[in-house]
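Using our numbering, the first residue of the sequence shown is number -2, and each one after it goes up by one. Report on one structure; see the data block that follows.
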Amino acid sequence: MRTLVWTWVMCVAAVSGAATKGRPNVVLFLADDLGIGDLGCYGNTTIKTPNLDRLASEGVRLTHHLAASSMCTPSRAALLTGRYPMRYGLEEGPGELPIPVIVHVTSTVGLPAAEVTIASALAAANYTTGLVGKWHLGMNCTLFGRSCPGPLNHGFQSFYGIPVTLYQETRGPHAFWKFPMDDLRFQGLAVAWVAAMVSLLVAARKKVFSRCTCVLLLLATEVVLGLVWFIFAHHSQTSDCVWGVSPWLMRQVNSRLMRGDQAVEAPIQLDGLSQRLVDESRSFLQAHAHDEEPFFLMHAFGHVHTPMFSAPHRAGKSKHGRYGDNVEEMDESVGRVLNTLGELGLEDNTVVYFTSDQGGHLEAVEDTGERIGGYNGRFKGGKRQGGSEGGVRVPGIFRWPGHIPRGVTLDTPTSLMDLMPTLLSMAGLPRLQYLVPRAASTELDGEDISELLLKGTKGKTPRLFLHHCGTSLHAVRMDTGDHIYKMHLARAKWLAGTTQCGWSHSQACDCLGENVIDMSSQPELYDLLSNPYEDNPPISPKSAEYRSVVSQLQEYVRQWRARVTLPPSQLTTLDNILLKLHYLPSCLTC
Ligand SMILES: *[C@@H]1O[C@H](CO)[C@@H](O)[C@H](O)[C@H]1NC(C)=O
Ligand SMILES: *[C@@H]1O[C@H](CO)[C@@H](O)[C@H](O)[C@H]1NC(C)=O
Ligand SMILES: *[C@@H]1O[C@H](CO)[C@@H](O)[C@H](O)[C@H]1NC(C)=O
């Protein structure tokens, strides 16, 4: 009898292990460059996103959810750490080249080891952690790329996915042999080659050198001129070479799929990639469904970033070309992962969160002219415009059945950086400073919004948000409870009649320099409650409201700057842009 009871107790404990400790599982979906206007549940009537619409109807939909940056690397870093990215140098600073993200898989810059991510925090609370999909926060490869731990250094126990980003160039093939004779440099190279060959021929005829020396000189000339050709063709600044790297070289270096700390596929096969990522997440869920301890799964899509690709059954199905196909394929992927949660009986004990790292890329068009960037609704601006509403206002959906109410819409301003403190609180864990000893003096910029999500209770006001573009402050937002003020200090020079800065997948507005309009001497002030799309004129600088709000915001900025010391940008450096081929992830099976 006693053994029977004991077995029963053990069984119950095993089945409800994680649940009884009150720590829910967490599934975080992160889309790439998805605009807030791209989803049915955010008002799009012509795109089909039934799975995300259902997720929103089963939980809370945030309509004023803000990315901390409008570029991948800084925004993802902020999401994972709960801290502004310039605190650890992951925002572009002033420099020769405008470089807003980690450029190469071989770059030695990245999220510093001292930063604590959600994954490290949850791992400290015994969660099993896994990342499927895109990382883009530095791979930290050892010599000859024998090991590139990347996310494994930051709390993730497993990783399958994309180490940097999917560049438009990831989709090949690209020409290797190039000799454009309209280019002066190549003309010079041709002349040099002919001159070298003729001199060698003459020298050989006149027996100036021995035959052996002649052959060696011939070889040496070919090698040197070949190297010069390679640099001209693939590794110098021309119009089709993003950051001085040709499409061919970009794909050779950066199109690598990783498992753990090893590359397993190069170049990445884009066809079916979304489905393989989903299969990986499903395997993760199946493997850990019945564990004693809860899990944290981050599924970071390659979609809907360029290049556009989709499985045959999705291609040409949407009403919005290849971009629309990508949004719908991403939605299908969300659905397949959610269905797996359901099949495994994990729905009730899993917090699901969906968001995008930044707004849609307005400039992105294919060479054919087809638009392949997202739609930011009526909000102005987009990706790379850190102070513009379209650059940072993103979808945000939370579901936790039985805890978070169903079908609720909240318009309180919130941040992607809120995720860290909010998850710890919902899981009943101590604050980060107590959970992870090395974070004892870490200051978070995100706030715990669990009371808002669970009960609709608003947090302390005023709440302020800084909106940097690179390290340059472009806007400040303040939620006072009665107003949501937004003060613009700078913005990009838009093309007439648009809120964008060009028409190409490799273009976007600048954050610093002459293409930026400096408004700091007389900032523009809007109240987003009465003027949500900033379509009507800003608040008059002559009004008492303007003077009082602007001086309050300026004082806040002054105090923040006095209190927070910022390291130099890691991104605007040679370490980021140089191709360090000795750090290229080696791939024995590729
Ligand atoms: C829906 O999304 C597509 C793709 O981004 C966009 O072109 C279209 O304008 C959106 N439609 C509506 C009604 O929001
Ligand atoms: C990179 O790895 C080295 C050890 O190989 C470690 O000391 C360093 O902290 C790591 N850097 C990051 C950013 O993870
Ligand atoms: C994690 O596991 C350790 C060792 O089993 C235990 O002491 C600790 O209390 C656990 N932490 C949590 C948050 O459950």
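For every residue, glycine included, the Cβ atom is placed at its ideal position computed from N, Cα and C. These figures come from a predicted structure and were not determined experimentally.
| Item | Value |
| --- | --- |
| Taking DSSP as the reference, what is the three-state secondary structure of residue 591? | No information on residue 591 is available, as it lies outside the stretch -2 to 587 that the chain covers here. |
| Can residue 462 and residue 412 be called in contact, C-beta distance under 8 Å? | yes |
| Check for me: the beta strand (DSSP E) holding residue 379 runs from which residue to which? | Looking at the DSSP string, residue 379 is not in any beta strand (DSSP E), and its letter there is neither H nor E. |
| Give the DSSP bridge partners of residue 159, in chain order. | 131 |
| For ligand 2, any of its heavy atoms closer than 7 Å to the Cβ of residue 86? | no |
| Rounded to whole angstroms, how far is the Cβ of residue 403 from the Cβ of residue 56, which I believe are closer than 8 Å? | 7 Å |
| Would you say the beta carbon of residue 119 is closer than 7 Å to some non-hydrogen atom of ligand 3? | no |
| Just verifying my parser: in three-state terms, what is the DSSP assignment at residue 495? | coil |
| Comparing C-alpha positions only, which one of 558, 488, 459 sits nearest to residue 478? | 459 |
| Please classify residue 481: does DSSP put it in a helix, a strand, or coil? | strand |
| Can you find a heavy atom of ligand 3 that lies under 7 Å from the Cβ of residue 429? | no |
| Run through the stretch 59 to 114 for me and flag every whole alpha helix (DSSP H) of 4 or more residues, listed as ranges in chain order. | 69 to 78 |
| Taking its Cβ as the centre, do 16 or more other Cβ atoms sit within 10 Å of residue 632, making it buried, or is it exposed? | There is simply no residue 632 to check, as the chain begins at -2 and stops at 587 in what is shown. |
| Just list the alpha helix (DSSP H) runs in the stretch 550 to 584, keeping only unbroken ones of 4 residues or longer that don't cross its boundaries, in chain order. | 571 to 574 |
| Tell me, please, which residues DSSP counts as bridged to residue 260. | 255 |
| Given this structure, state the Cα-to-Cα distance separating residue 570 from residue 564, to the nearest angstrom. | 13 Å |
| Apart from the five residues just before and just after residue 239, which ones in its own chain have a Cβ nearer than 6 Å to its Cβ? | 503 |
| Any idea if residue 287 is buried or exposed, counting beta-carbon neighbours within 10 angstroms, 16 or more meaning buried? | exposed |
| Among the residues of its own chain, which have a CB less than 7 Å from the CB of residue 529, if the five just before and after it don't count? | none |
| Any idea what DSSP makes of residue 265, helix, strand or coil? | coil |
| Under the criterion of a Cβ to heavy atom distance below 7 Å, does residue 421 qualify as lining ligand 3? | no |
| Whose C-alpha, out of 197, 319, 386, is nearest the C-alpha of residue 368? | 319 |
| Assess contact between the stretch 540 to 555 and the stretch 53 to 71, defined as three or more Cβ pairs (one per stretch) separated by less than 8 Å. Is contact present? | no |
| At a threshold of 7 Å, does residue 152 count as lining ligand 2 (C-beta to nearest heavy atom)? | no |
| Starting from residue 466, follow its DSSP beta bridges and name the residues at the other end. | 469 |
| Is the stretch 175 to 187 in contact with the stretch 273 to 290, if contact means three or more CB pairs nearer than 8 Å? | no |
| Helix, strand or coil for residue 353? Go by DSSP, reduced to three states. | strand |
| DSSP beta-bridge partners for residue 22? | 347 |
| Taking the alpha-carbon of residue 505 as reference, which of 128, 344, 361 has the nearest alpha-carbon? | 361 |
| Should residue 110 be labelled buried (16 or more other beta-carbon atoms within 10 Å of its own) or exposed? | exposed |
| When you compare only the Cα positions, how much space is there between residue 527 and residue 452? | 26 Å |
| Return the residue from the list 301, 576, 107 that minimises the CA-CA distance to residue 326. | 301 |
| What are the boundary residues of the beta strand (DSSP E) that residue 530 is part of? | Looking at the DSSP string, residue 530 is not in any beta strand (DSSP E), and its letter there is neither H nor E. |
| In the structure shown, what three-state DSSP assignment does residue 42 receive? | coil |
| For the pair the stretch 333 to 351 and the stretch 19 to 37, tell me if three or more CB-CB distances fall below 8 Å. | yes |
| Residue 88 and residue 517 - do their beta-carbons sit closer together than 8 Å? | no |
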